[in-house]
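Reading through the structure tokens given below for one structure.
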Amino acid sequence: MKLSVIIVSYNVKYYLAQCLRSVEKAIGVLECGQQGDASGDTAEIIVVDNHSQDGTVEYLEQCFPASRYSNLHVVACTHNNGFARANNLAIRKSESDLVLLLNPDTIIGEHVLKDAVSFMRSHPHAGALGVRMLGANGKPAPESRRGLPSPMVAFYKMMGLCSRFPQHRSFGHYYMGYLPWDKPAKIEVVSGAFCMIRREALLKVGLLDEDFFMYGEDIDLSYRILKGGYQNYYLPVDILHYKGESTKKSSFRYVHVFYEAMLIFFRKHYSGMSHLLSIPIKFAIYARASVAFMQMMTTRIRKSLGFFSPSHVDLSNQVLFDADEMSYEEILHQLAQRSDENIKLATYTKDIGKVITDREVMDKDEFGYL
Numbered sequence: 001m002k003l004s005v006i007i008v009s010y011n012v013k014y015y016l017a018q019c020l021r022s023v024e025k026a027i028g029v030l031e032c033g034q035q036g037d038a039s040g041d042t043a044e045i046i047v048v049d050n051h052s053q054d055g056t057v058e059y060l061e062q063c064f065p066a067s068r069y070s071n072l073h074v075v076a077c078t079h080n081n082g083f084a085r086a087n088n089l090a091i092r093k094s095e096s097d098l099v100l101l102l103n104p105d106t107i108i109g110e111h112v113l114k115d116a117v118s119f120m121r122s123h124p125h126a127g128a129l130g131v132r133m134l135g136a137n138g139k140p141a142p143e144s145r146r147g148l149p150s151p152m153v154a155f156y157k158m159m160g161l162c163s164r165f166p167q168h169r170s171f172g173h174y175y176m177g178y179l180p181w182d183k184p185a186k187i188e189v190v191s192g193a194f195c196m197i198r199r200e201a202l203l204k205v206g207l208l209d210e211d212f213f214m215y216g217e218d219i220d221l222s223y224r225i226l227k228g229g230y231q232n233y234y235l236p237v238d239i240l241h242y243k244g245e246s247t248k249k250s251s252f253r254y255v256h257v258f259y260e261a262m263l264i265f266f267r268k269h270y271s272g273m274s275h276l277l278s279i280p281i282k283f284a285i286y287a288r289a290s291v292a293f294m295q296m297m298t299t300r301i302r303k304s305l306g307f308f309s310p311s312h313v314d315l316s317n318q319v320l321f322d323a324d325e326m327s328y329e330e331i332l333h334q335l336a337q338r339s340d341e342n343i344k345l346a347t348y349t350k351d352i353g354k355v356i357t358d359r360e361v362m363d364k365d366e367f368g369y370l
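In the UniProt record's numbering, the protein residues as written are 1 to 370.
This is the structure we're talking about:
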């Protein structure tokens with residue numbers, strides 16, 4: 001089978017470089033058979049840069065030259081197309097059997113692609129596949145497995161019942177917390193941070209809906225795949241998914257954009273109830289946004305008074321992994337074993353020359369341990 005790994009980037013060149021480094025290693029395993037022979041599976045990488053201002057395209061040309069990375073294709077956009085449109089651009093360019101939508105702030109283990117492709121091959125009715133996404137503290141992200149946000153499921157989530165009763169089959173259905181983490185399972189929504197999709201399914205149900213600029217497009221696509229007669233699955237193989245400040249759930253921007261995306265979803269799939277649903281959703285937007293705004297202002301005041309150091313990262317709780325000395329699989333395994341809210345992962349490689357954390361990128365001298 002042929003796989004296209006599609007990564008949409010925007011001002012995250014060092015995270016992207018680390019992601020590409022892990023993907024190239026995983027492609028090497030995917031394309032290698034059991035005895036070192038060619039497996040018959042092939043892969044390419046398509047990076048769509050959404051008009052980054054940090055020199056991403058030039059950086060990729062320098063660090064991943066075409067002479068060495070012939071399977072890497074970079075599309076430089078002249079403006080920010082948004083997540084859905086940028087992914088669609090790459091999907092249309094590819095001719096593969098499988099498409100993997102992958103966030104640039106991820107690290108994947110060496111066997112992740114091989115295991116995922118093998119699963120899709122053995123489950124021909126699988127339309128899309130997600131994996132277990134670990135946060136920088138080693139804990140599985142609840143977004144790894146989600147249910148469809150039907151009106152009642154959305155209501156339970158907005159009222160806080162989902163977090164209060166995470167393993168309840170009704171109240172906790174949004175994150176499907178009643179499912180075991182260590183077994184494959186049928187799910188309803190696959191996260192766009194790692195979403196392997198069968199091209200046959202895309203041809204049947206259509207590409208990502210470009211009305212969604214950021215957030216919600218994965219929910220919409222997952223729903224259409226289910227309606228198209230396919231199944232969506234969760235596979236318990238680990239990747240790391242950093243979440244920058246722009247995607248923190250407590251941030252003002254996230255709250256507003258996410259819930260606005262939910263309104264688009266409801267208008268599209270529950271049109272008869274969209275007006276009724278818009279009232280509680282807009283209330284949730286303003287309530288959550290007010291809390292996020294107060295948290296942001298409190299943090300700024302505390303920083304101005306000297307309670308926080310200029311650095312956003314507390315170095316005392318960082319566990320540094322050298323990706324030149326350990327495989328990404330080993331790093332992810334140790335991270336999962338250390339799973340602790342008070343410990344965060346940091347990574348370093350000589351070729352990138354930066355220490356990368358979930359909050360920021362630092363020079364090695366600034367980190368102080370190297």
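Where is the CB? At the ideal position from N, CA and C, for every residue including glycine.
Measuring alpha carbon to alpha carbon, tell me which of the options ends up nearest residue i.
{"i": "phenylalanine 265", "options": "Ser163, Leu332, Ala154", "result": "Ala154"}
{"i": "valine 355", "options": "Glu330, Val319, Arg338", "result": "Val319"}
{"i": "lysine 114", "options": "Leu30, Arg121, Ser144", "result": "Leu30"}
{"i": "glycine 216", "options": "Tyr178, Arg267, Ser39", "result": "Arg267"}
{"i": "alanine 126", "options": "His241, Met159, Ala185, Asp54", "result": "Ala185"}
{"i": "glutamate 325", "options": "His123, Lys350, Arg302", "result": "Lys350"}
{"i": "arginine 92", "options": "Ser22, Tyr242, Leu335, Leu203", "result": "Leu203"}
Considering only the beta carbon of each residue, do residue i and residue j sit closer than 8 Å?
{"i": "alanine 90", "j": "isoleucine 6", "result": "yes"}
{"i": "histidine 79", "j": "glutamate 329", "result": "no"}
{"i": "proline 99", "j": "phenylalanine 194", "result": "According to the sequence provided, residue 99 is valine. The question's proline does not apply to it. No, the Cβ-Cβ distance between valine 99 and phenylalanine 194 is not below 8 Å."}
{"i": "glutamate 188", "j": "leucine 226", "result": "yes"}
{"i": "isoleucine 108", "j": "leucine 72", "result": "no"}
{"i": "glutamate 210", "j": "asparagine 88", "result": "yes"}
{"i": "leucine 235", "j": "leucine 332", "result": "no"}
{"i": "cysteine 32", "j": "serine 39", "result": "yes"}
{"i": "alanine 43", "j": "leucine 102", "result": "no"}
Leaving out five residues on either side along the sequence, give the residues of the same chain with a beta carbon under 6 Å from the beta carbon of residue i.
{"i": "glutamate 245", "result": "The pLDDT assigned to glutamate 245 is 40, lower than 50, so where the model puts this residue is not dependable; a value taken from the coordinates is nonetheless given after this. Contacts found: none."}
{"i": "residue 379", "result": "Here the chain covers residues 1 to 370 and nothing more, so residue 379 does not appear."}
{"i": "proline 142", "result": "Tyr175"}
{"i": "leucine 20", "result": "none"}
{"i": "asparagine 24", "result": "Rather than asparagine, the amino acid found at residue 24 in this sequence is glutamate. Hits under 6 Å: none found."}
{"i": "alanine 323", "result": "Thr347, Thr349"}
Here's a check: name, in chain order, each residue in its chain whose Cβ is nearer than 7 Å to the Cβ of residue i, leaving out the five neighbours to either side.
{"i": "valine 12", "result": "Pro104, Asp105"}
{"i": "isoleucine 352", "result": "Tyr14, Ala17, Gln18"}
{"i": "methionine 1", "result": "Asp41, Asp97, Leu98, Val117, Arg121"}
{"i": "asparagine 342", "result": "Asn317"}
{"i": "glutamate 366", "result": "none"}
{"i": "phenylalanine 212", "result": "Ala84, Asp220, Ala261, Ile264"}
{"i": "glutamine 53", "result": "Asn11"}
{"i": "alanine 76", "result": "Asp49, Val57"}
Enumerate in chain order the residues of its own chain whose CB-to-CB distance from residue i is below 8 Å, with the five nearest sequence positions on each side excluded.
{"i": "tyrosine 59", "result": "Lys13, Ala17"}
{"i": "asparagine 232", "result": "Ala126, Gly127, Ala128, Leu129, Gly130, Lys186, Ile187, Glu188, Val189, Val190, Ser222, Ile225, Leu226"}
Using DSSP bridges, identify the partner residues of residue i.
{"i": "glutamate 44", "result": "Ser4"}
{"i": "alanine 116", "result": "Alanine 116 pairs with nothing; no bridge assigned."}
{"i": "glycine 138", "result": "Beta-bridge pairing links glycine 138 to no other residue."}
{"i": "threonine 347", "result": "Phe321, Ile356"}
{"i": "serine 290", "result": "DSSP output for serine 290 lists no bridge partner at all."}
{"i": "aspartate 49", "result": "Ser9, Ala76"}
{"i": "methionine 326", "result": "None; methionine 326 has no bridge partner."}
Cβ of residue i within 7 Å of any heavy atom in the ligand ZN?
{"i": "lysine 344", "result": "In terms of ligand content, the structure shown is empty, and the ligand ZN therefore cannot be addressed."}
Contact between the stretch 145-161 and the stretch 172-181: three or more CB pairs below 8 Å? Taking a cut-off of 8 Å on C-beta distances, the stretch 145-161 touches the stretch 172-181, as three or more cross pairs fall below it.
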